[in-house]
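Protein chains in written order, with my numbering: chain A, 1 to 497; chain B, 498 to 994.
See structure below.
Number of protein chains: 2
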Amino acid sequence: MARTPRAGPLHLASIALDPEAGEPLHRQLYFALREAILEGRLRPAARLPSSRALAADLGVSRNTVLAAFEQLLAEGYIEGRVGAGSYVSQLLPEDALNARAAVVAGTGVSRPPPGPSRRGVRLAATVGSTIRPRAFAPGLPELAQFPFEEWARLLQRHWRAPPSRFLIGGDPAGHAPLRAALAAHLGAARAVRCAPEQVFVVSGAQQALDLATRVLLDPGDAVWVEDPGYPGLLGVLAAAGVTIVPVGVDGEGLMVAEGRTIGRRARMACVSPSHQFPLGVTMSLARRLELLDWAREADAFVLEDDYDSEYRYAGRPLAALQGLDADGRVLYVGTMSKVMFPGLRLGYMVVPPHLVDAFLAVRRATDTHPSTLAQPALAEFIEDGSLSAHIRRTRALYARRQELLLESAARHLDGRLHLAPSAAGMHLVGRLAEGVDDRALARRARHHEVEAPAMSGYYHGHAPSPGLLLGYAGVPDREIERAVERLAKAFADRIVD
Amino acid sequence: MARTPRAGPLHLASIALDPEAGEPLHRQLYFALREAILEGRLRPAARLPSSRALAADLGVSRNTVLAAFEQLLAEGYIEGRVGAGSYVSQLLPEDALNARAAVVAGTGVSRPPPGPSRRGVRLAATVGSTIRPRAFAPGLPELAQFPFEEWARLLQRHWRAPPSRFLIGGDPAGHAPLRAALAAHLGAARAVRCAPEQVFVVSGAQQALDLATRVLLDPGDAVWVEDPGYPGLLGVLAAAGVTIVPVGVDGEGLMVAEGRTIGRRARMACVSPSHQFPLGVTMSLARRLELLDWAREADAFVLEDDYDSEYRYAGRPLAALQGLDADGRVLYVGTMSKVMFPGLRLGYMVVPPHLVDAFLAVRRATDTHPSTLAQPALAEFIEDGSLSAHIRRTRALYARRQELLLESAARHLDGRLHLAPSAAGMHLVGRLAEGVDDRALARRARHHEVEAPAMSGYYHGHAPSPGLLLGYAGVPDREIERAVERLAKAFADRIVD
Chain A
1 MARTPRAGPL
11 HLASIALDPE
21 AGEPLHRQLY
31 FALREAILEG
41 RLRPAARLPS
51 SRALAADLGV
61 SRNTVLAAFE
71 QLLAEGYIEG
81 RVGAGSYVSQ
91 LLPEDALNAR
101 AAVVAGTGVS
111 RPPPGPSRRG
121 VRLAATVGST
131 IRPRAFAPGL
141 PELAQFPFEE
151 WARLLQRHWR
161 APPSRFLIGG
171 DPAGHAPLRA
181 ALAAHLGAAR
191 AVRCAPEQVF
201 VVSGAQQALD
211 LATRVLLDPG
221 DAVWVEDPGY
231 PGLLGVLAAA
241 GVTIVPVGVD
251 GEGLMVAEGR
261 TIGRRARMAC
271 VSPSHQFPLG
281 VTMSLARRLE
291 LLDWAREADA
301 FVLEDDYDSE
311 YRYAGRPLAA
321 LQGLDADGRV
331 LYVGTMSKVM
341 FPGLRLGYMV
351 VPPHLVDAFL
361 AVRRATDTHP
371 STLAQPALAE
381 FIEDGSLSAH
391 IRRTRALYAR
401 RQELLLESAA
411 RHLDGRLHLA
421 PSAAGMHLVG
431 RLAEGVDDRA
441 LARRARHHEV
451 EAPAMSGYYH
461 GHAPSPGLLL
471 GYAGVPDREI
481 ERAVERLAKA
491 FADRIVD
Chain B
498 MARTPRAGPL
508 HLASIALDPE
518 AGEPLHRQLY
528 FALREAILEG
538 RLRPAARLPS
548 SRALAADLGV
558 SRNTVLAAFE
568 QLLAEGYIEG
578 RVGAGSYVSQ
588 LLPEDALNAR
598 AAVVAGTGVS
608 RPPPGPSRRG
618 VRLAATVGST
628 IRPRAFAPGL
638 PELAQFPFEE
648 WARLLQRHWR
658 APPSRFLIGG
668 DPAGHAPLRA
678 ALAAHLGAAR
688 AVRCAPEQVF
698 VVSGAQQALD
708 LATRVLLDPG
718 DAVWVEDPGY
728 PGLLGVLAAA
738 GVTIVPVGVD
748 GEGLMVAEGR
758 TIGRRARMAC
768 VSPSHQFPLG
778 VTMSLARRLE
788 LLDWAREADA
798 FVLEDDYDSE
808 YRYAGRPLAA
818 LQGLDADGRV
828 LYVGTMSKVM
838 FPGLRLGYMV
848 VPPHLVDAFL
858 AVRRATDTHP
868 STLAQPALAE
878 FIEDGSLSAH
888 IRRTRALYAR
898 RQELLLESAA
908 RHLDGRLHLA
918 PSAAGMHLVG
928 RLAEGVDDRA
938 LARRARHHEV
948 EAPAMSGYYH
958 GHAPSPGLLL
968 GYAGVPDREI
978 ERAVERLAKA
988 FADRIVD
């Protein structure tokens, strides 16, 4: 029930107080009087009714009015001492009030508030459609089998009586024990050569690239990216104002010779040599050496995104490109999103020794330091072998799921989607017959509650052949066949989108 | 003890295996052969000794050699089947190997790896000296009295059996219940007008400004900053490629008239109206209206940094500038660093409704989403009143510490550092006599283990008068007087720096 005041000497008819609203009456009155002043209904120097009179007019207690007046007085809207009469402040800038009143009344130079800048519009447009977390969303790991009891216990243990360095967290590169644990892990597992001081804790590949572009590149510099490639890097590169040069990928990885032709003077190449995203190719040794050779000639950097190298099902994993770098040009990037869970947003970057100081300074200047919340628990999770154990368990699980996907696809999609086994990774690329519109097919799959992103969506230009990406790692065993059956319906659909 | 091989038909004399090293012998051999190939000591097509012969030469087991060969084979360094003879791969690009060998030997075009770009050098230079966490470091809250037992329990409870949305964490604006809790808190405490959808969880004021510059500004746009002001914003603005326009601050806050004279066409103003950093001024109502009036005329945005508004010791807090914004130009930024602990790196930004979609898209394109690790626990910490209780406790504590600082300073520094009480905040500004070199004094204070940053360090140009910043909030009561005594010694010192 709203009460409105009797008409009084001041035009307070617009003040409607609602005793049933969540907000206290004195706050409601404060806001109402403030608006009346800001919109010119109460002019500077105008006298307000006494608190007693206003309370009577509004049918509220005098204390309600006094509390509202006190706030208005504290904020400078009114002057005078309560009891001796209150006036609308004479110090308020009339021009600003008039302009505001005119805008509110619709008689002024009404100007819609500005929208995003040209950069903002361009960046907003780099996002593709979001992928829902269900079969066969690429990049989604198994979540149900993560040892959360242990993770929660580690968090509790580190936070119930934390040392003050966790609370201040001043190191822009991250928590020293975590950096040491990561350096040891990367040396043993990936033949990455680094001291703990070279390791930076970041939120993921995007923040790693963001930091790298800020430290190493100037606006207008050219950067090679793989075509097709990981779309998550494009927004960061666009934000950095650099020129993106898409370079094709063949069976040996990024085609360095093509890059030399179309963008010899690039300052950086972003590659995923262990397991190219999305094609799944491993960059050959010859190509790796060629890439490093180009980088030496061009005086350029190489950003190595080793996003899912932990998942290799046959043969030995190839050592990281970083370990082949003789002169400090390779930045190595990895993530915990795949081996733990994406919501954690925690990754790492290994920076050449001569650049560590510059990375520290730029990070301090632009992002202070990473949150300490996860870091001590994660250091222990790595050191005590829990992470390795989880990776071993999920590796066996994903190998089986890839087989289940291949079998189900052979049963239900044979002749329409050609899937080949892969020795690594968390997704497969399914090839479609020439001429099939993979984007339309992916949309139809969504109608059947299956994510199967079109390969075309990962290419900068025209895709050479249509295909679908099927992430299997996070799909429960029993769900794989059912999801493939739903996908088969998308092939059968005659729906025209 | 390192063993070296007998001289054999191949020049393997450089291979030194150390059975006492942490690394397995087969890994050591793999690395040694890899280097020999990469540096041209083993040429493409060269035949390797048989595994049996090499094992004998090196005094290791044949399995050690076989494991090393297997890895080299998997990675493409050697060819052939084990047993039938192994050869250095003929597919290795000779040019790249020769260039590398020349670099390693020091006979090639030796070129030091490139350093930071011009942008990187400029950004790295925006960092001032780091402030150590001890008396009287500004911005440091009381850490010992935070309810960590409860915080740790909340973390454990939310993570021991988390729902899958915590694990995926796909919302680029953050966890919905946290955004709702923040919107309710900001509406009640700061008269911020917002729906939960307008709230973005960020890592702090820097990430908020980073996102805002990316969405709203183009390179070359001008941005007003307060002079003196918070140096943490400068690196982000420099990274965005915008032009920084320092605008003076008087007793009513940012001098809008000066801004109109020197940078009328700016596209954004960054202000701290509740408690200007570092001067501690509250922006007057008249000045607030003037600022919004300018923004309307210039079609500009205002970023309101409300970094410590929770700490007000006298009078009512002024409502946020955001609540006065009639047409969607104000972005409101707050942080948990002061009311919880800095290592958390968690803050929030309230975005005008018409810009929410653009902020969502740009965040998704450049940073995916914030970590979910803290968010569910924090939402509950706010909802159950724990945060408010902690703020009330620390408010009383900080009020007392400010008094202790004033008393100690009167006793030990009288006539040399003039401190006036402040109704708000976590630090005081101490004024020095004209002509005192505050930077030199701050350096001398450091020799006595006291942080007291020079006011000059917060000005873009010449500081009108020298002073020191003294943060008192995080200094234990009993330590305040002792630290002031140490500071007094810095005044007495004759050390010439």
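No residue lacks a Cβ here, since even glycine has one placed at the ideal position from N, Cα and C.
Can you find a C-beta in chain A that's less than 9 Å from the C-beta of T863/B? yes
CB of A53/A within 9 Å of CB of Y87/A, strictly: no
In terms of residues, what are the limits of the alpha helix (DSSP H) holding H523/B? L522 to L535
Could you work out which residues of chain B lie near E75/A, taking near to mean beta carbons separated by less than 8 Å? L782, R813, L815 and A816
So is D934/B in contact with chain A if we call contact Cβ pairs under 9 Å? no
Quick one: which chain B residues come within Cβ less than 9 Å of A161/A? F645, E646 and A649
Could you tell me whether any Cβ in chain A is nearer than 9 Å to the Cβ of V557/B? no
Of the residues that make up the stretch 672-700 of chain B, which ones have a beta carbon closer than 9 Å to any beta carbon in chain A? G684, A685, A688 and S700
Whose C-alpha, out of L535/B, S868/B, Q525/B and L530/B, is nearest the C-alpha of N595/B? L535/B
Taking 9 Å as the threshold (beta carbon to beta carbon), is D990/B in contact with chain A? no
Taking all protein chains shown into account, do 16 or more other C-beta atoms lie within 10 angstroms of the C-beta of R6/A, making it buried, or fewer, making it exposed? For R6/A, the pLDDT reaches just 35, beneath the cut-off of 50, and the residue's location in the model is therefore unreliable, leaving the point undetermined.
Candidates I262/A, M426/A and F200/A: which alpha carbon is nearest V245/A's? I262/A
Under the criterion of a Cβ to heavy atom distance below 8 Å, does E449/A qualify as lining the ligand ZN? The ligand ZN is not part of this structure, which contains no ligands at all.
Rounding to the nearest angstrom, what Cα-Cα distance links K489/A and R411/A in this structure? 13 Å
What span of residues does the alpha helix (DSSP H) with P421/A cover, start to end? First-last for P421/A: undefined, no H or E at that position.
Between F774/B and chain A, is any beta-carbon pair separated by less than 9 Å? no
At which residues does the alpha helix (DSSP H) containing P674/B begin and terminate? A673 to R687
So is E297/A in contact with chain B if we call contact Cβ pairs under 9 Å? yes
On the CB-based measure, 16 or more other CB atoms within 10 Å of its CB, does L726/B come out buried or exposed? Here residue 726/B is Gly; the residue named in the question, Leu, does not match the sequence. Burial call: buried.
Since I believe P44/A is in contact with G825/B (beta carbons under 8 Å), could you give me their beta-carbon distance rounded to a whole number of angstroms? The pair is not a contact, with the Cβ atoms about 26 Å apart (cut-off 8 Å).
May I ask you to verify whether the stretch 264-276 of chain A touches the stretch 302-320 of chain A, counting CB pairs closer than 8 Å and requiring at least 3? yes
Spatial distance of L522/B from S456/A (CA atoms): 46 Å
Span of the beta strand (DSSP E) holding A719/B? A719 to D724
DSSP three-state call for M952/B: helix, strand or coil? helix
Of the residues M349/A, R122/A, A286/A and L237/A, the one placed nearest A195/A, counting alpha carbons only: M349/A
Anything in the stretch 585-599 of chain B with a Cβ closer than 9 Å to a Cβ of chain A? List those residues in chain order, please. S586, L588, L589, P590, D592, A593, L594, A596 and R597
Please compile the residues from chain B whose C-beta is within a distance smaller than 7 Å of the C-beta of Q206/A. T863, D864 and T865
Pairwise C-alpha distance: P973/B and L894/B: 10 Å
Please classify V981/B as buried or exposed, where buried requires at least 16 other C-beta atoms within 10 Å of its C-beta. buried
Got a sec? Which residues, its chain only, sit under 6 Å from T64/A by beta carbon, not counting five neighbours each side? L25 and H26
Cβ of P849/B less than 9 Å from any chain A Cβ? yes
Using the DSSP secondary-structure output, state which residues sit across from V698/B in a beta bridge. Y845/B
Taking Cβ positions, are F136/A and Y458/A nearer each other than 9 Å? no
Taking only beta-carbon positions, decide if Q156/A is within less than 9 Å of chain B. yes
Residue interval of the alpha helix (DSSP H) (run including L237/A): G232 to A239
Given a cut-off of 9 Å on the beta-carbon distance, is the pair Y574/B and L530/B in contact? yes
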